[in-house]
Amino acid sequence: MTAVVLRLISVASLMFALLAAELAATFAFPGWGRGGGAIIAAAMVGVAAFGFMDLRQEGAVVWLFAAAAVLWLIILLGLGSLDPMTRTLYPTVIAVP
31 MTAVVLRLIS
41 VASLMFALLA
51 AELAATFAFP
61 GWGRGGGAII
71 AAAMVGVAAF
81 GFMDLRQEGA
91 VVWLFAAAAV
101 LWLIILLGLG
111 SLDPMTRTLY
121 PTVIAVP
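By the working numbering, the letter at position 40 of the sequence shown is numbered 70, and the numbering carries on one by one without gaps.
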């Protein structure tokens, strides 16, 4: 196997290890809330950016587009989560005959 394939396999195995760590932390430490999972998720984003996308070797324009993509992802996920978080169930009166 070539060096590129070995690097991709090692990065993928690191991502699976981080996924297992996130699931284990969720079940082992439920008091952490979203903070512990967010730290591991940020590590997964870093591994994806520097492992799969090879941002180390790219120029400023690629870094700018990657940062813009992350910004829009945060905006879209934030706006998408606003609806279920702010939805209120109002009680209704049911007319019984």
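Even glycine gets a Cβ: it sits at the ideal position worked out from N, Cα and C. Computed from a predicted structure; not experimentally measured.
What's the gap between the Cα of residue i and the Cα of residue j?
i     : j      : result
Ala54 : Gly66  : 11 Å
Ala99 : Thr122 : 43 Å
Glu88 : Leu94  : 10 Å
Phe57 : Ala125 : 44 Å
Ala42 : Leu85  : 16 Å
When you compare the CB positions of residue i and residue j, do they come within less than 7 Å of one another, or not?
i     : j     : result
Glu52 : Ile69 : no
Ala73 : Leu48 : yes
Where does residue i fall in DSSP's three states?
i      : result
Leu119 : coil
Pro127 : coil
Quick check on the DSSP output: what are the complete alpha helix (DSSP H) runs of length 4 or more inside the region 43 to 105, in order along the chain?
64 to 77
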